[in-house]
Amino acid sequence: MTESPELHQKVDKILQRVESMDNFMPWLVRRHIPSIKKELIEFFSKRKRAARVYVAVTGEKTITQISEETKIAQPNVSAEIKTLTECGLIDIILVGKNTICTRNKMDKLLGLSKELEKNLKFDTDKGKVNNVAENGDTNPVADTQPPQ
447 MTESPELHQK VDKILQRVES MDNFMPWLVR RHIPSIKKEL IEFFSKRKRA ARVYVAVTGE
507 KTITQISEET KIAQPNVSAE IKTLTECGLI DIILVGKNTI CTRNKMDKLL GLSKELEKNL
567 KFDTDKGKVN NVAENGDTNP VADTQPPQ
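Residue numbering for the sequence shown follows this note's numbering, beginning at 447 and increasing consecutively.
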């Protein structure tokens with residue numbers, strides 16, 4: 447299949463638009479960091495399993511690696527990754543049969559993972575998440591089910 451100059455021009459135009467949107471997004475987010483961060487913290491306070499999965503995504507990790515690290519079943523990790531991807535917090539790349547997950551620019555802009563790590567204590571041996579009060583006391587918090 448030969449590639450025409452018109453096709454290359456269209457691809458270049460699409461890439462320019464994507465790059466433009468990618469460059470504009472941090473500016474837009476910076477203007478609204480407090481409100482975006484507040485909404486996401488509320489989301490994660492209701493979705494403890496999603497918070498555990500999100501915090502576990504450091505660098506590039508597969509679903510299997512995240513599952514093993516968090517002691518959450520793979521289907522549940524997959525469901526949370528899907529939700530986090532739809533929320534624009536996780537990027538995924540399919541490599542063969544593996545799904546590679548990474549946090550995207552939003553995490554760095556918002557400092558979201560640092561905030562979650564600071565406010566949530568993860569007990570991976572027991573598979574539970576505890577809220578950490580300012581005085582250091584912990585209260586067990588139950589996992590919520592993935593969306594149906």
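For every residue, glycine included, the Cβ atom is placed at its ideal position computed from N, Cα and C.
Helix or strand or just coil, what does DSSP make of residue i?
i: asparagine 550; result: coil
i: lysine 499; result: Per the sequence presented here, residue 499 reads as valine, with lysine not at that position. Three-state result, valine 499: helix.
i: threonine 504; result: coil
i: isoleucine 539; result: strand
Residues in its own chain within less than 8 Å of residue i by CB, not counting five upstream and five downstream?
i: lysine 572; result: The pLDDT assigned to lysine 572 is 45, lower than 50, so where the model puts this residue is not dependable, and the model offers no usable value.
i: isoleucine 479; result: Leu555, Leu556
Excluding five sequence neighbours on each side, which residues of the same chain lie with their C-beta closer than 7 Å to the C-beta of residue i?
i: valine 503; result: Ile512, Ile536, Cys547, Thr548, Arg549
i: glutamate 526; result: Arg495, Ala496, Val499, Pro592
i: glutamine 520; result: Ile509, Thr510, Ser513
i: proline 472; result: Lys551, Leu555
i: glutamate 580; result: Only weak support exists for where glutamate 580 lies, its pLDDT of 36 falling under 50; the coordinates are left without a value.
In or out: residue i buried (at least 16 other Cβ within 10 Å) or exposed?
i: valine 464; result: exposed
i: arginine 493; result: buried
i: valine 523; result: buried
i: phenylalanine 490; result: buried
i: valine 501; result: buried
i: leucine 453; result: exposed
i: leucine 461; result: exposed
i: leucine 558; result: buried
Check whether chain D comes within 8 Å of residue i, counting only Cβ atoms and requiring the distance to be less than that.
i: glutamine 511; result: The displayed structure is made up of one protein chain only, and chain D is not part of it.
Thinking C-beta only, is residue j closer than 8 Å to residue i?
i: isoleucine 482; j: leucine 556; result: yes
i: methionine 552; j: valine 475; result: yes
> Looking at C-beta atoms only, is the number of pairs between the segment 543-551 and the segment 488-508 that lie closer than 8 Å three or more?
Replying inline: yes
> Is the segment 473-492 in contact with the segment 552-564, if contact means three or more CB pairs nearer than 8 Å?
Replying inline: Counting Cβ pairs under 8 Å, three or more are found: they touch.
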